[in-house]
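Numbering (mature numbering (1 follows the signal peptide of the UniProt record, and there is no 0)), first residue to last: -27 to -1, 1 to 324.
Glycine included, C-beta positions come from ideal geometry on N, C-alpha and C.
The structure appears right after this line, and notes come after that.
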Amino acid sequence: MSASSGDMSRRKLLLGGAALGAGALLAGCTSNDKKDDDAGTNTKVNAAASEAPGKAVTIGFSAPAADHGWIGAITANAKAQAAKFSDVTLKVVDAGKDAPAQIAALDTLIGSKPDAIVLLPQDGAQLTEIGKKATAAGIIVINLDREFSDSAASFSLIKGDNYGMGIAAGKYIGEKLKGKTDAVIGEIPGIDELQLTKDRSKGFADALKTYGLTVKHRVAAGFTVESGQKAAANLLQAAPKLDAVWNHDDDQGVGVLAAIQQAGRKEFFMVGGAGSRDAMDHIKAGDSVLTATVTYPPSMASSAIILARLAAQGKGMGDLVELQVPKLIVLQSETITKDNVDKYLPLGFKS
């Protein structure tokens, strides 16, 4: 994370669902009860006013192709949310196979002059200049998840808390292994080159440190089933005994669990990441070493569409006093276990 984005994160507005409405963070926009303003005070505006049909707006949308379940759920959420609004036309732009291809597609989109663009970049740093170009053209840019290197490239940023995922996973493992300072802990991250992976690993290490624990074995995967299976096989071979493992991503976790089952290993427990339906089903059934997962909700794409619509119509968020939508929204990472899995099942995405 860059110095500027680090400063932003420290000032982040943590919305667990209250500001957008609980349903907005899950998959769509909910109706909020009308609140009466108190005369002469800075009270909340009527939430219904921000949800009522307004000026017709066109929102461009671009995200990488679905090579795993989480990315697929991002696009599905965005399309489903846009369809709920009679005043929104969604223009989906193919992101291509890499950052240059996405830049070219967005260049064409900018020329069509949409009111707003919701953009999940192939790479945040490489797409920063195209974000600036859209902003300079008067287009509202909502940066989704993978962060631009310059905050001036977007009107708002909404993302998951990668560092918080690591903290949540580390805390869960630390509590279960409390007092066992010689515990052998494994870690299977996603793509090591990505900043989000670095943030997750740092959060994990920082949380474990508070319990006197460290990662002993670490093998990176690549957010796919195949890479997860290969990474887990290598990790299991290097570590004849384990107490706990954190796998960063539930999509690659399908392969991770397959490798564990193939090796016949049962002496440890595992925490997943993102909150897939597959992971939740295993947690509920208690049929594998997977006992928990920490969330990174693709429903953020639904919320990004809501933000783009409000901003393009000159509206703020109905549950906030301010007249504009927030500059930064970071979603909390929650821990799903057998005790609360039923509540989260409807949110799970298919790997």
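(message) My parser needs the beta strand (DSSP E) runs of 3 or more residues fully inside the stretch 48 to 132; what are they?
(response) 61 to 67, 89 to 92 and 113 to 117
(request) Use the C-beta contact count for Ser59: other C-beta atoms within 10 angstroms, 16 or more gives buried, fewer gives exposed. (result) exposed
(message) Which residue marks the beginning of the beta strand (DSSP E) containing Thr264, and which one marks its end?
(response) Leu263 to Thr268
(request) For Thr48, I'd like the list of residues in its chain whose CB is within less than 6 Å of its CB, leaving aside the five on either flank, ordered along the chain. (result) Ala36
(request) Would you mind reading off the limits of the beta strand (DSSP E) that contains Phe242? (result) Phe242 to Ala247
(message) If the criterion is Cβ atoms closer than 8 Å, does the pair Pro271 and Phe322 meet it?
(response) yes
(request) In the DSSP assignment, find the unbroken alpha helix (DSSP H) run with Arg282 in it and report its ends. (result) Residues Met273 to Ala285.
(message) For Lys239 and Val262, which I take to be in contact (beta-carbon distance under 8 Å), what is that distance rounded to the nearest angstrom?
(response) The distance from the Cβ of Lys239 to that of Val262 is about 6 Å, consistent with a contact at the 8 Å cut-off.
(message) According to DSSP, is Lys17 part of a helix, a strand, or is it coil?
(response) Residue confidence is low: Lys17 scores 40 on pLDDT, short of 50, so the model does not pin down where it sits. Its coordinate-derived value is still stated next. Coil at Lys17, not helix or strand.
(request) Would you kindly work out how many angstroms separate the C-alpha atoms of Met138 and Asp251, rounded to a whole number? (result) Taking C-alpha positions only, Met138 is separated from Asp251 by approximately 18 Å.
(request) Look at Lys167 and His190 and say whether their C-beta atoms are less than 8 Å apart. (result) In the sequence on display, residue 167 carries Leu and not Lys. Contact flag unset, no.
(request) From the DSSP output, read off the bridge partner residues of Gly183. (result) Sequence inspection shows Thr at residue 183; the Gly mentioned does not correspond to that position. When beta bridges are read from the DSSP output, Thr183 appears opposite no residue.
(request) Mind reading off the beta-carbon distance from Leu92 to Gly111? Whole number of angstroms is fine, and I expect it under 8 Å. (result) Incorrect: roughly 16 Å between the Cβ atoms, too far for contact.
(request) In angstroms with no decimal places, state the Cα-to-Cα distance between Ala98 and Gly237. (result) 42 Å
(request) Give the straight-line distance between the Cα atoms of His221 and Thr108, rounded to the nearest whole angstrom. (result) 33 Å
(message) Less than 7 Å between C-beta atoms, sequence neighbours within five positions excluded: which residues of the same chain meet that for Ile113?
(response) Taking Ile113 as the centre and dropping the five residues before and after it, the same chain places the C-beta of Asp88, Ala89, Phe128, Ala281, Ala284 and Ala285 closer than 7 Å to its C-beta, in chain order.
(message) Using CA atoms only, rank isn't needed, just tell me which of Leu293, Ile279 and Lys132 is closest to Gly27.
(response) Ile279
(message) What does the alpha-carbon distance come out to for the pair Gly159 and Val188?
(response) 6 Å
(request) Return helix, strand or coil for residue 325, following the three-state DSSP convention. (result) Outside the shown range of the chain, which is -27 to 324, sits residue 325, and nothing can be said about it.
(message) Quick check on DSSP: helix, strand or coil for Phe196?
(response) coil
(message) Can you list, in chain order, the residues of its chain with a C-beta nearer than 8 Å to that of Asn71? Leave out the 5 residues immediately preceding and following it.
(response) Reading the sequence as shown, one finds Asp at residue 71 and not Asn. Hits under 8 Å: Gln95.
(message) Can you tell me whether Leu117 is buried or exposed? The criterion is at least 16 other CB atoms within 10 Å of its CB, across all chains shown.
(response) A buried status is given to Leu117, since no fewer than 16 other beta-carbon atoms sit within 10 Å of its beta-carbon.
(message) Residues in the same chain with beta-carbon distance under 7 Å from Asn50, minus the five sequence neighbours each way, listed in chain order, please.
(response) Ala(-1), Pro271, Ser272, Ala274 and Ser275
(message) What does the Cβ neighbour count give for Gly147, buried or exposed, with the cut at 16 atoms within 10 Å?
(response) buried
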